[in-house]
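What follows is a single structure, written as structure tokens, with notes after it.
Numbering (UniProt numbering), first residue to last: 1 to 132.
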């Protein structure tokens with residue numbers, strides 16, 4: 001009986017520790033990769049930035065003061081319209097110097113999603129400049 005309690009207690013402790021470590025890894029706003037690229041996750045950085053149907057979090061990759069990638073994270077946007085943003089707006093950021101990201105124009109027909117993506121990219125750049 002005592003062995004079962006010890007085994008149960010041990011497994012509970014390890015599960016709790018695992019959940020804590022998982023939560024810490026997911027909660028990181030910015031990570032530096034070995035090649036010098038910084039990846040900024042806007043999930044917790046800009047939760048109030050909303051598209052047409054909700055939050056539109058991104059991962060924005062930055063290296064040498066240029067945006068080198070923008071990746072959409074799971075969101076609730078209308079797939080038809082968000083695919084326009086994904087294919088027409090996000091590539092416009094790639095290669096831009098950080099001081100030029102605000103000059104990118106949105107995609108016609110996906111106004112709310114475009115504004116949200118632009119705001120997320122700008123929030124990521126601001127965070128990068130402050131915390132790198």
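Note that CB positions come from ideal geometry on N, CA and C, so glycine has one too.
Keep in mind that this is a model prediction, so the values were computed, not measured.
Ranked by Cα distance from residue 62, the options 117, 35, 50, 53 are led by 35. Counting every other CB atom within 10 Å of its CB across the protein chains shown gives residue 118 a total of 16 or more, marking it as buried. Annotation for residue 66: 95, 96, 97, 98 place their beta carbon closer than 8 Å to its own, counting only its chain and skipping 5 residues before and after. Taking 4 residues as the minimum length, the alpha helix (DSSP H) runs contained wholly in the stretch 48-97 are 79-84, 90-93, in order along the chain.
Here residue 75 is buried: its Cβ has 16 or more other Cβ atoms, across all protein chains shown, within 10 Å. Here residue 89 is buried: its Cβ has 16 or more other Cβ atoms, across all protein chains shown, within 10 Å. Straight-line measurement puts the Cα of residue 116 at about 23 Å from the Cα of residue 37. For residue 41, the uninterrupted beta strand (DSSP E) run begins and ends at 38-41, by DSSP. Within the DSSP bridge table, the entry for residue 31 names 39 as partners. For residue 121, the enclosing alpha helix (DSSP H) stretches over residues 111-131.
Contact check for residue 121 against residue 60 passes: the beta carbons are separated by less than 8 Å.
Distance from the CA atom of residue 30 to the CA atom of residue 108, rounded to whole angstroms, is 31 Å.
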